[in-house]
Amino acid sequence: MHSYLLCGVNEQEIDKTIEKIVNRLKADSYEYQIDKISDVRELSAFTKLKVDRPTCIIIKGVDEASPPALNAFLKNLEEPQDYINYILTASSLHKVLPTIVSRCHIINLVSKYHLDEITKKNIEKFLLSDTSYRLSLTNSIKKKSDAIIFTKNLLIFSHQNLLLVDESYPDWIKIINRAKTTNSNLSANANVGLALTNLVLSIAENKPKIYN
109 MHSYLLCGVN EQEIDKTIEK IVNRLKADSY EYQIDKISDV RELSAFTKLK VDRPTCIIIK
169 GVDEASPPAL NAFLKNLEEP QDYINYILTA SSLHKVLPTI VSRCHIINLV SKYHLDEITK
229 KNIEKFLLSD TSYRLSLTNS IKKKSDAIIF TKNLLIFSHQ NLLLVDESYP DWIKIINRAK
289 TTNSNLSANA NVGLALTNLV LSIAENKPKI YN
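With my numbering applied, the sequence shown has no gaps in its numbers, which climb one by one up to 320 at the end.
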């Protein structure tokens, strides 16, 4: 994943998340603005230089940039160098061009979620256990409301770990994507048992490294 889009209004939380990503990647970081096309040209001049170590380009308030500037910037996201990662921030996902959103991993910081220690331990045990245990746990969830809470907690836990991972990154991405799909299906009145069973089977091979 070369591009991240952080959505939120709490500057301290945004800066802490940026710092976590930069530290996880062990990267140098540079901050740019792309309010207008001339800004994008300046950024492009830098990114055309060959870099030989992880580098994060931080662009805050991307939702305030002009459409022409964003369209010009899009090529940077489409053709990144191997060592270049982009960290974008926006106050709202809905204010960002869809073409930008589709090329980024979204980290939602609009509200800060906390899981109590018991919930964390339960999710951790679920993720570290074999498929048989995972199925037995999800089979005990009968109500749609409980299933939605379970998948939401799984998403929150996974997002929190995603910011700290190294070699487990693909595992967390798969779990997040599957949990999102399951949560959406449950909200659309999918069968609880079938939805949760499909979730477990779809992540059967995923045993991510847990940092929480």
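We treat Cβ as the ideally placed atom computed from N, Cα and C, and that holds for glycine.
Starting from residue i, trace the alpha helix (DSSP H) both ways and give me its first and last residue.
i              : result
alanine 198    : Premise fails: alanine 198 lies in the beta strand (DSSP E), 192-198, not in any alpha helix (DSSP H).
asparagine 184 : 175-186
proline 278    : 277-295
threonine 120  : Reading the sequence as shown, one finds glutamine at residue 120 and not threonine. Where glutamine 120 is concerned, the enclosing alpha helix (DSSP H) stretches over 119-133.
isoleucine 208 : 206-209
asparagine 306 : 300-310
Would you say residue i and residue j are within 8 Å of each other, going by their C-beta atoms?
i              : j              : result
isoleucine 126 : isoleucine 167 : no
asparagine 291 : leucine 263    : yes
asparagine 193 : histidine 110  : yes
leucine 270    : isoleucine 284 : yes
lysine 315     : leucine 236    : yes
threonine 163  : alanine 198    : no
tyrosine 112   : leucine 196    : yes
leucine 151    : isoleucine 145 : no
isoleucine 311 : arginine 286   : yes
valine 300     : isoleucine 249 : yes
leucine 182    : isoleucine 214 : no
isoleucine 122 : leucine 205    : no
glutamine 120  : threonine 155  : no
If I follow the unbroken beta strand (DSSP E) through residue i, where does it start and stop?
i             : result
aspartate 160 : Element bounds for aspartate 160: n/a, residue is neither H nor E.
In this structure, what does DSSP give as the bridge partners for residue i?
i            : result
leucine 113  : Leu196, Ile214
tyrosine 140 : Ile167
Determine the burial state of residue i: buried for a count of at least 16 other Cβ atoms within 10 Å of its Cβ, exposed for fewer.
i              : result
aspartate 224  : exposed
arginine 242   : buried
valine 148     : buried
aspartate 160  : exposed
aspartate 171  : buried
alanine 153    : exposed
isoleucine 226 : exposed
aspartate 279  : buried
glycine 116    : buried
leucine 114    : buried
asparagine 293 : buried
alanine 303    : buried
serine 240     : exposed
serine 295     : exposed
serine 266     : buried
Any heavy atom of the ligand ADP closer than 7 Å to the Cβ of residue i?
i             : result
glutamate 119 : Ligands displayed in this structure: none; no statement on the ligand ADP is therefore possible.
Check your understanding: Unbroken alpha helix (DSSP H) runs of length 4 or more, entirely within the segment 219-256: which are they?
Key -> Within the segment 219-256, the complete alpha helix (DSSP H) runs of at least 4 residues are 225-236, 239-247.
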